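First up is the structure itself, then whatever we jot down about it.
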Amino acid sequence: MSALVIRGARHWRTGAPLDLAIADGLIVDRAPDGAPELDAKGAILAPGLVDLHVHLREPGQSAKETIATGTRAAAAGGFTAVACMPNTDPVLDSVAWIEWVLSRARAAGRCRVHPIGAVTLGQKGETLTPAHALARAGAVALSDDGRPVMSAGMMRHALEYAAQAELPIVCHEEDLTLRGEGVMHEGFTATRLGLRGIPGAAETVMVRRDVELAALTGGRVHLAHLSTAESFEALRDAKRRGLAVSGETCPHYWTLTDESVGDYDTRAKMNPPLRSAADRDATIAAIQDGTIDCFVTDHAPHTEEEKRQPFAEAPFGIVGLETALALTITFLVEPGHLSLERALELWTDARLEPGHPADVTLIDADAEWTIDATRFHSKGRNTPFDGWRVHGKVLATVCAGAVTHADAALAVRGALPEFAEARA
Amino acid sequence: MERATASPYPAPAGAGFFYPSTAVGGRRHLLGLERVSREAIVDLLDAARLYRERLAAGRWRSDALAQVAVCNAFFEDSTRTRCSFELAEQRLGAMHVSFGPAGTSVSKGETLLDTLRVLQSMRVEIIVVRHRSAGVPAFLAGQLDASIVNAGDGEHEHPTQGLLDLMTLGDAWQERFDGRRLAIVGDIAHSRVARSAIAGLTTLGAEVTVCGPATLLPADVEALGCEVAPTVEDALSGADGVMALRLQKERMESGLLPSLGEYAATWGLTPERIRLMKPEAVVMHPGPMNRGVEIAPEVADGARSRVFDQTANGLPVRCAVLAWCATGDAKAAA
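Protein chains in written order, with our numbering: chain A, 223 to 646; chain B, 270 to 603.
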């Protein structure tokens with residue numbers, strides 16, 4: 223029987239004063255007497271953030287990240303749920319591995335973990351995974367993230383089959399023949415540095431293909447980490463046609479451009495790559511006009527050794543869980559591109575109403591702080607934002623009624639319910 | 270937005286390429302010609318001409334770098350560049366060791382960085398490096414306490430080649446670069462020679478026109494500061510010189526070109542095309558040449574050809590670069 227009261231907060235939509243009572247993992251009308259209290263001091267109380275695109279790296283790549291460290295980072299970033307990608311070693315393509323991830327998350331996790339199963343066995347693009355069994359085991363979607371399904375015929379079958387299992391397919395859109403040996407966006411910076419480029423069309427031609435396959439099959443297509451102006455246009459078209467297609471983008475695409483690669487900075491290497499200034503502006507426009515359905519981080523931790531290599535040899539990916547909210551507030555809300563309410567809507571579908579799970583995030587939207595990668599809870603330090611001054615701080619994260627992250631400055635009365643307790 | 274200055278990663282964005290050095294211990298590096306000042310280029314070329322005089326005078330050898338150890342770390346095959354560096358090091362009296370791509374500990378799984386840390390531990394002061402991957406010299410400059418000289422990194426730069434090309438053109442152009450125009454023909458996209466030449470020539474005030482098959486032109490190449498001509502004839506008309514780039518056979522295999530014959534017919538330097546240039550214009554090629562493909566034999570061996578002057582100038586240029594890295598004075602050994 224755990225309970226908690228968050229007192230003196232402001233409602234994320236209305237700004238109205240809000241005291242939130244929590245009991246047994248749910249938001250309730252009134253907490254039991256004597257429940258511990260957390261003084262929000264006027265901070266914004268929002269539903270817990272959700273990140274649909276995270277690489278937790280387990281099984282098999284625990285030097286980069288573990289379910290324990292990745293979900294700890296998620297909690298620190300204000301997230302109460304993440305969906306984790308199946309490009310682990312081995313790939314999450316069987317019931318056994320989906321169950322394993324869920325059991326690790328129950329034992330060591332600090333937020334809800336929703337595993338995403340592979341589309342094809344070993345993400346090889348050859349044989350379908352058992353979508354029905356994966357769905358029953360707890361997979362929330364299918365994806366061959368990191369390795370696109372290059373065969374249109376195979377993708378058609380995957381969409382048809384997954385639709386019956388009521389699973390969306392999260393599409394990593396990249397034509398590998400157009401990418402070639404590319405390691406960054408094709409443009410002047412790549413030309414200057416003598417690095418092979420990845421044209422924006424490598425993404426967009428696959429987006430267009432999968433939109434047509436959604437039309438053909440009735441399957442549910444979710445377009446992962448969109449980065450080009452033309453991809454957003456394709457998503458707009460799909461929505462106009464009423465197709466079951468949705469799309470996501472990441473903070474680095476509205477914050478940075480390919481110039482951030484500078485002189486071979488591997489911290490600015492990810493896939494899709496940082497694009498042109500026009501693409502960055504188109505990202506913001508697509509967010510503003512509602513083309514983008516949700517924000518994700520594509521949190522992709524790597525070891526320092528792996529990133530401390532010549533640019534072409536270093537792996538793609540940056541961490542994002544612990545910087546996402548601040549980059550949203552600093553680069554979308556503060557410049558006036560988006561209201562804080564709308565920005566938070568793109569990070570969560572949870573509800574702040576009695577009867578709903580007590581997954582909430584307490585935010586000081588004005589607090590200024592300096593991103594310091596050495597203080598991340600993630601094992602990954604690979605961020606291009608290290609040292610940046612940003613606004614917007616997560617003061618506390620509550621998942622299933624338990625405190626999963628609390629800023630040291632928070633005023634607390636009584637013993638806060640720990641997450642381990644809520645898990646048990 | 271401010272960036273923190275302390276970083277465990279190499280080459281922070283915006284770091285100067287030449288000087289002021291960003292490296293550990295303030296070493297001098299030659300990582301590329303991009304962002305090297307006009308003064309620095311002129312200084313290196315002046316020094317190179319002094320070394321050329323010394324070399325021309327007979328059996329010259331200096332002991333100016335006698336206390337300096339140099340390592341030639343060639344992770345990619347090379348004949349002319351490696352021999353030229355080794356001879357320059359010996360002419361300046363430096364101690365030197367070299368290794369090539371075969372038989373190094375890299376083939377035993379050691380990382381590039383560890384291999385070069387081992388050499389640094391042997392008190393090597395200057396590391397001359399060639400690597401297939403663009404940015405390796407900049408990466409090493411951020412990680413090692415040694416001067417790094419780029420002897421060719423992937424498709425990025427080959428700055429000593431760029432300097433010897435400038436020296437060769439300076440001879441042909443009476444050291445006047447303003448108002449001159451060089452045409453560069455061929456595989457610009459994959460050419461480190463072209464990038465260094467464009468950077469050096471534009472810094473000295475010359476114009477550069479590039480041309481080649483669309484599949485071999487990099488994105489936004491104009492932003493490097495050059496013009497793009499639609500045909501080789503357009504590029505050559507009225508030019509003060511031309512540089513043909515080597516055409517790699519892999520370009521056919523990766524579907525970028527139909528055939529050598531088509532390339533030679535459309536882009537090759539033929540005697541007829543050469544005549545479109547100014548009468549005193551010169552012909553260059555970084556080598557190794559595919560005679561009959563990017564350059565006709567009679568052009569390679571013709572009166573306008575400076576191909577072998579280029580290789581001859583490599584030695585004094587490398588003397589100047591090594592002396593500058595070791596002492597801060599490019600003429601120190603002259």
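Each residue gets a CB set at the ideal place from its N, CA and C atoms; glycine is no exception. No experiment lies behind these values; they were computed from the predicted model shown.
Helix, strand or coil at His559 (chain A) according to DSSP, with G and I counted as helix: When DSSP states are grouped into helix, strand and coil, His559 (chain A) belongs to the coil group.
Can you tell me whether DSSP reads Ala380 (chain A) as helix, strand or coil? Three-state DSSP puts Ala380 (chain A) in a helix.
Closer than 8 angstroms to chain B by CB, Tyr383 (chain A): With 8 angstroms as the cut-off, Tyr383 (chain A) does not count as an interface residue toward chain B.
Cβ closer than 9 angstroms: which chain B residues qualify as neighbours of Leu398 (chain A)? One finds nothing in chain B with a Cβ atom closer than 9 angstroms to the Cβ of Leu398 (chain A); even the nearest lies about 14 angstroms away.
Relative to the ligand COA, is the shortest distance from any of its heavy atoms to the C-beta of Val501 (chain B) smaller than 7 angstroms? Looking at this structure, you won't find the ligand COA or any other ligand, since it has none at all.
Less than 8 angstroms between the C-beta atoms of Leu356 (chain A) and Val317 (chain A), yes or no? At a Cβ-Cβ threshold of 8 angstroms, Leu356 (chain A) and Val317 (chain A) count as neighbours.
Beta-bridge pairing of Ile417 (chain B) - partner residues as DSSP gives them: DSSP lists B:Ile396 as partners of Ile417 (chain B).
Extent of the continuous alpha helix (DSSP H) run through Val634 (chain A): Here Val634 (chain A) belongs to no alpha helix (DSSP H); instead the beta strand (DSSP E) covers 633 to 635.
For chain B, is any of its Cβ atoms less than 8 angstroms away from the one on Leu364 (chain A)? Not an interface residue.
Using a threshold of 8 angstroms, state whether the C-beta atoms of Ala317 (chain B) and Pro482 (chain B) are closer than that. Cβ atoms of Ala317 (chain B) and Pro482 (chain B): not closer than 8 angstroms.
Using 8 angstroms as the Cβ pair cut-off and three pairs as the minimum, do the segment 556 to 568 of chain B and the segment 527 to 539 of chain B touch? Output reads yes: the segment 527 to 539 of chain B touches the segment 556 to 568 of chain B.
Please tell me whether Ile289 (chain A) and Val620 (chain A) are closer than 8 angstroms, where the distance is taken between their beta carbons. Between Ile289 (chain A) and Val620 (chain A), the C-beta gap is not smaller than 8 angstroms, which leaves the two residues out of contact.
Taking Phe410 (chain A) as part of the alpha helix (DSSP H), name the residues at either end of that continuous run. For Phe410 (chain A), the enclosing alpha helix (DSSP H) begins and ends at 410 to 415.
At least one CB of chain A closer than 8 angstroms to the CB of Leu493 (chain B): is that the case? True, the Cβ-Cβ gap to chain A drops below 8 angstroms.
Nearest neighbour of Asp397 (chain A), chosen from A:Ala534, A:Pro523, A:Asp501, A:Pro494 [CA to CA]: Looking from the CA of Asp397 (chain A), the closest CA among A:Ala534, A:Pro523, A:Asp501, A:Pro494 belongs to A:Pro494.
Hey, Glu491 (chain B) and Arg464 (chain B) are a contact pair by Cβ (cut 8 angstroms); roughly how many whole angstroms apart? Contact doesn't hold; Cβ gap of about 14 angstroms is too wide.
Nearest by alpha-carbon distance to Thr302 (chain A): which of A:Pro639, A:Asn604, A:Lys601, A:Thr570 is it? Measuring from the Cα of Thr302 (chain A), the nearest candidate turns out to be A:Thr570.
Taking C-alpha atoms, which residue in A:Ala295, A:Val323, A:Leu271 lies nearest to Thr596 (chain A)? If we check each option's Cα against that of Thr596 (chain A), A:Ala295 comes out closest.
Using the three-state DSSP reduction, which class does Met428 (chain A) fall into: helix, strand or coil? Residue state, collapsed to three classes: helix.
What residue from B:Leu485, B:Ser390, B:Leu381, B:Gly439 has the CA that sits closest to Glu424 (chain B)'s CA? The closest CA to that of Glu424 (chain B), considering only B:Leu485, B:Ser390, B:Leu381, B:Gly439, is found on B:Leu485.
Ser402 (chain B) in three-state terms, based on DSSP: Ser402 (chain B): coil per DSSP, three-state reduction.
Three-state class that DSSP yields for Asn341 (chain B) in the structure shown: Three-state DSSP puts Asn341 (chain B) in a strand.
Quick check on Phe517 (chain A) - is its C-beta less than 8 angstroms from some C-beta in chain B? No, Phe517 (chain A) does not count as interfacial toward chain B.
With distances taken between CB atoms, is the gap from Thr351 (chain A) to Gly360 (chain A) smaller than 8 angstroms? Inclusion of Thr351 (chain A) and Gly360 (chain A) in the CB contact set at 8 angstroms is not warranted, their separation being larger than that value.
Terminal residues of the continuous beta strand (DSSP E) containing Thr626 (chain A)? Thr626 (chain A) -> beta strand (DSSP E) spans 624 to 628.
Taking all protein chains shown into account, do 16 or more other C-beta atoms lie within 10 angstroms of the C-beta of Lys377 (chain B), making it buried, or fewer, making it exposed? Exposed, because fewer than 16 other Cβ atoms sit within 10 Å of the Cβ of Lys377 (chain B).
So if DSSP puts Ile593 (chain A) in a beta bridge, which residue, or which two residues, is it bridged to? Paired residues: none, contrary to the question.
Roughly how many angstroms lie between the CA atoms of Arg635 (chain A) and Arg386 (chain B), to the nearest whole one? Their backbone Cα atoms lie some 55 angstroms apart in a straight line.
Closest Cα partner of Arg502 (chain A) within the set A:Gly416, A:Cys333, A:Phe454: Measuring from the Cα of Arg502 (chain A), the nearest candidate turns out to be A:Phe454.
Short of 9 angstroms Cβ to Cβ, which residues in the segment 520 to 535 of chain A face chain B? Listed by position, the residues of the segment 520 to 535 of chain A near chain B (Cβ gap below 9 angstroms) are Glu526, Glu527, Lys529, Arg530, Gln531, Pro532, Phe533, Ala534, Glu535.
When you compare the CB positions of Val454 (chain B) and Val501 (chain B), do they come within less than 8 angstroms of one another, or not? Contact: yes.
Under a Cβ-count criterion, where at least 16 other Cβ atoms within 10 Å of its own Cβ denotes burial, should Ala412 (chain A) be classed as buried or exposed? Per the 10 Å Cβ criterion, buried.
Note down, one range per segment and in chain order, each beta strand (DSSP E) of at least 3 residues found wholly within the segment 504 to 561 of chain B. Listed in chain order, the complete beta strand (DSSP E) runs (minimum 3 residues) inside the segment 504 to 561 of chain B are 510 to 513, 551 to 553.
Closest Cα partner of Leu568 (chain A) within the set A:Asp515, A:Phe410, A:Pro312, A:Asp261: It is A:Asp515.
Give a yes or no on whether the minimum CB-CB distance between Ala637 (chain A) and chain B is below 8 angstroms. Ala637 (chain A) is outside the set of residues whose beta carbon lies under 8 angstroms from a beta carbon in chain B.
Short of 7 angstroms Cβ to Cβ, which residues in the segment 589 to 606 of chain A face chain B? Going along the segment 589 to 606 of chain A in chain order, one finds no residue with a Cβ nearer than 7 angstroms to chain B.
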